[in-house]
Amino acid sequence: MAYSGIKQGTYYPMGGFAKVIDGMAQICKDLGVKFHLNSEIKDIVVEDKKVVSIKTDSQEYKVDSLICSADYHHIDKEILPTHLSNYSEKYWEKRVLSPSCLIFYVGVNKKINKLNHHNLFFDEDIDVHTNEIYATKQWPKKPLFMLVVPLKTDASVAPKNKENLFFLIPIAPGMEDTEAIRKTYFSKVIKRMERYCGHEIEKYIEYNRSYCINDFIKDYNSYKGNAYGLANTLSQTANLKPKIVNKHLDNLFYSGQLTVPGPGVPPSIISGNVVANYVMNHMSK
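Position one of the sequence shown corresponds to residue 338 (our numbering), numbered consecutively onward.
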C-alpha cells in the first residue's frame, strides 16, 4: 500500500468513498446477485456437520455454503453454539486488536482556509498516544487526529459556501464510551483546528454527529468496538490469523478484517477473493 501511494498516486472517487461500494454492488446485480438488506442473522442452522440455512428476524434462507464477512468473534462466540465455534473466549481475549476510533462528522456554514483534503494533526507526541492505545489502553490526553476536508477535491459533497469536515482520533478498543467523553474530545480537536487556521470555526457549525466504540458494536457487532480488526503483530500474521474455514462445519467460511490477509479495505476485499476461490474449489470436489 505504501508503494502504491508513493509510486502510483492517490485516487479519490468523486461523490465519496461510498461510490466505490455502489459500483461494486451494481456489478454484482448485473451478474445476478441478490441482496437482502437490513436483515441481521440471528441463527445458523446446522445438520450433519453442514450449514443448511440461516435465520433472520423475519425469514429463513437455505444455503449450499456460507461465507461470513460479519465480525468473526460475533459469529464464532455469539451466533454459533460453543461446540461449533473455532476459538475459545480466552483465545479472543488474548488477541491484540487494531485501534477503534472516535469520529466527528461536521458541517459548517463558511469556507475554511489553510486546510488540504487530508490534514494530519501530529503536533503532539506520537509515542505517548500509541502507548495509550496499545499499552495503558486509556483515552489519550493529547490526541493525534486526522482531519479530512473532501470539498477541496469534490464540490459535490457540500452545499455552496459550506464545508463538511471529518475528524478521526485513533483510540484503544473496549473503553468506556459516553456522550460526555465525546464532547470533551470534540472540544480538544476543534480548538486545535481553530488555532491552526487562525480563526473561530465552532460558532459556524450547523451539523455535528459523533461515532465511536458503542456505535461500532451496535451497527457491526464489532468485537470490543474495534474499527480495523487485528493488529499486524508477528504472532497474528499470515497463517497465525483466525482461519477462513470452520473446524467443525464443512461449508462455513470466513472473510473480512479479522482473518487473512488482515485489516483495512483492500485486505478485506482480498480476503473475499481468497475465500471465494477456496469455496469454488471446495464445491467442485
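Beta carbons are placed, not taken as given, at the ideal position from N, Cα and C, and that holds for glycine.
Per DSSP, residue i is paired with what?
i, result
"L439", "I506"
"H455", "V485"
"G444", "N501 and Y544"
"E397", "K392"
"L403", "L589"
Counting along the chain, where does the beta strand (DSSP E) carrying residue i start and finish?
i, result
"D408", "Unbroken run through D408: none, as it is neither H nor E."
"K387", "K387 to K392"
"Y591", "L589 to Y591"
Tell me whether residue i sits in a helix, a strand or coil according to DSSP, three-state version.
i, result
"R432", "coil"
"V582", "strand"
"V383", "strand"
"L645", "Absent from the model: residue 645. The displayed extent of the chain is 338 to 622, so no value can be given."
"N563", "coil"
"T347", "coil"
"H536", "coil"
"K528", "helix"
"N576", "helix"
"I378", "coil"
"E516", "helix"
"T596", "coil"
"F684", "Summary: the structure shown does not reach residue 684, with the chain confined to residues 338 through 622, and so no result is reported for it."
"G342", "helix"
"H373", "coil"
"L417", "coil"
"K478", "coil"
State buried or exposed for residue i, treating a residue as buried only when at least 16 other CB atoms are found within 10 Å of its CB.
i, result
"N423", "buried"
"E537", "exposed"
"S435", "buried"
"A362", "exposed"
"G566", "buried"
"R532", "exposed"
"A564", "buried"
"D367", "exposed"
"T596", "buried"
"N501", "buried"
"G599", "buried"
"Q475", "exposed"
"S413", "A quick correction: the sequence has Asp, not Ser, at residue 413. Buried: at least 16 other Cβ atoms inside 10 Å."
"V602", "exposed"
"F441", "buried"
"K427", "exposed"
"C365", "exposed"
"N588", "buried"
Relative to the C-alpha of residue i, which candidate in the options has its C-alpha closest?
i, options, result
"S592", "I606, L586 and K584", "I606"
"A509", "K622, L452, G562 and D464", "G562"
"H455", "V389, V357 and F482", "F482"
"R529", "F504, Y349, P496 and F354", "F504"
"D552", "E513, A568, L502 and D385", "E513"
"A492", "L586, N558, D367 and K448", "K448"
"K431", "N446, H410 and P418", "H410"
"C534", "P350, F458, A407 and N618", "F458"
"V433", "L452, D401 and Y471", "Y471"
"M620", "Q594, P604, G601 and F590", "F590"
"P496", "Q594, P418, G369 and G444", "G444"
"K584", "K379, L421 and L488", "L421"
"E377", "I416, I343 and A355", "I416"
"N614", "V582, C438 and K478", "V582"
"K520", "D462, I542, P579 and S547", "S547"
"N545", "Y522, D556, N558 and S559", "Y522"
"V389", "D380, I343 and K399", "K399"
"V465", "P480, N453, L452 and K451", "P480"
I need the boundaries of the alpha helix (DSSP H) containing residue i, first residue and last residue.
i, result
"I470", "I463 to Y471"
"D460", "No alpha helix (DSSP H) holds D460; DSSP gives it neither H nor E."
"V357", "A355 to D367"
"M617", "V602 to S621"
"F553", "I550 to Y557"
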